Amino acid sequence: MGCFGSSKKSSKRSDRNHHKETSKIRKTLGGTSDQTQLCSDSTKVSPYRDVNKEGDVVVKEEDQLALDVKGLNLDDQPAGKKAQTFTFEELKVATGNFRSDCFLGEGGFGKVFKGTIEKLDQVVAIKQLDRNGAQGIREFAVEVLTLSLADHPNLVKLIGFCAEGDQRLLVYEFMPLGSLEDHLHDLPSGKKPLDWNTRMKIAAGAARGLEYLHDRMKPL
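The opening position of the sequence shown corresponds to residue 52 in the working numbering, with each subsequent residue numbered one higher.
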């Protein structure tokens, strides 16, 4: 008897939790309860939304990233500063399906590949973020907007991004001389280390870039 009673309570709690989650999703897509009809109508044409048998709007988990990035209104940013949107197929073509000979390096957030964007006729560096990384969906979307607005000679320029399914990629301008690490550590035999005057100039430039990010960039 006790088991059946517990099951009913659990079912009620589950229903309440489901209602809360549904309310959150409705707020994300429709804004307010008055816009529920508009929200429902939009599911007929949106590839990101489904309607379950109870009539509730449901967002596919793997497509939430694309919705959040679109919600940042990147197209409203000044010309020349907004990040371009690339499809995953475009970036696969650019890197020859992420061939090993296009691999540039790997960091804490993912791998970096060299590629050529055909429609731009431009060589780029494509960072494929770890899909199991700690960075959340919203954090990635905000990072895209922040980097697209950054404009400083000591910061690598963000050209665009890909937010397709669970794929998250950032497209940067390509640095033909390599990373700073390439010039400071594990130098090949015969290559002279950087002199101290050059090192100080690099340090000063890095400091100016950090100052710009901390003091001059408007927080989102």
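Here a beta-carbon is modelled for each residue, glycine too, at the ideal position from N, C-alpha and C.
Source: prediction; values computed, not measured.
Considering only residues of the same chain and omitting the five flanking positions on each side of residue i, which have a CB-CB separation below 8 Å?
i, result
"L245", "H234, L235, I253"
"F139", "C213, E215, G216, Q218, L220"
What are the boundary residues of the alpha helix (DSSP H) that residue i is part of?
i, result
"R250", "247-262"
"E140", "139-145"
"E232", "231-235"
Excluding the 5 residues preceding and the 5 following residue i in the sequence, name in chain order all residues of the same chain whose CB lies nearer than 6 Å to its CB.
i, result
"F151", "With the sequence shown as reference, residue 151 is identified as Ser, and Phe is not the correct amino acid for it. None."
"P98", "Low local confidence applies: a pLDDT of 41 at P98 is under 50, so the model's placement there is unreliable, with the coordinate-based value given in what follows. Within the same chain, P98 has no close Cβ partners at all."
"I168", "A145, V175"
With residue i as the anchor, note down where its beta strand (DSSP E) starts and where it stops.
i, result
"V174", "173-180"
"A214", "209-215"
"E224", "218-224"
"K162", "161-168"
Report the rounded CA-to-CA distance for residue i versus residue j, giving the unit in angstroms.
i, j, result
"P276", "A257", "This structure cannot speak to residue 276, because the chain is shown only from 52 to 271."
"V222", "M251", "29 Å"
"T197", "R189", "12 Å"
"L264", "K170", "30 Å"
"E262", "M268", "9 Å"
"K162", "Q135", "20 Å"
"N148", "A176", "14 Å"
"G159", "V144", "25 Å"
"T286", "D266", "In this structure the chain extends from 52 to 271, so residue 286 is not present and cannot be described."
"F225", "D172", "13 Å"
Applying the criterion that 16 or more other CB atoms from any shown protein chain within 10 Å of the CB defines a buried residue, is residue i buried or exposed?
i, result
"S240", "exposed"
"T249", "exposed"
"K60", "Its pLDDT being 48, under 50, K60 is placed unreliably in this model, and the coordinates cannot settle the point."
"A255", "exposed"
"K178", "buried"
"T166", "The displayed chain sequence assigns Gly, not Thr, to residue 166. Result: buried."
"R100", "Reliability fails at R100, whose pLDDT of 46 lies under 50, so the model's placement of it is uncertain and no value is given."
"G229", "exposed"
Quick one: what's got a C-beta closer than 7 Å to residue i's C-beta in the same chain, skipping five residues either side?
i, result
"G260", "H203, N205, L206"
"L231", "I253"
"G303", "The shown model of the chain, from 52 to 271, leaves out residue 303, and the question about it has no answer."
Answer yes or no: does any C-beta atom of chain C fall closer than 8 Å to that of residue i?
i, result
"L198", "Any reference to chain C falls outside this structure, which holds one protein chain only."
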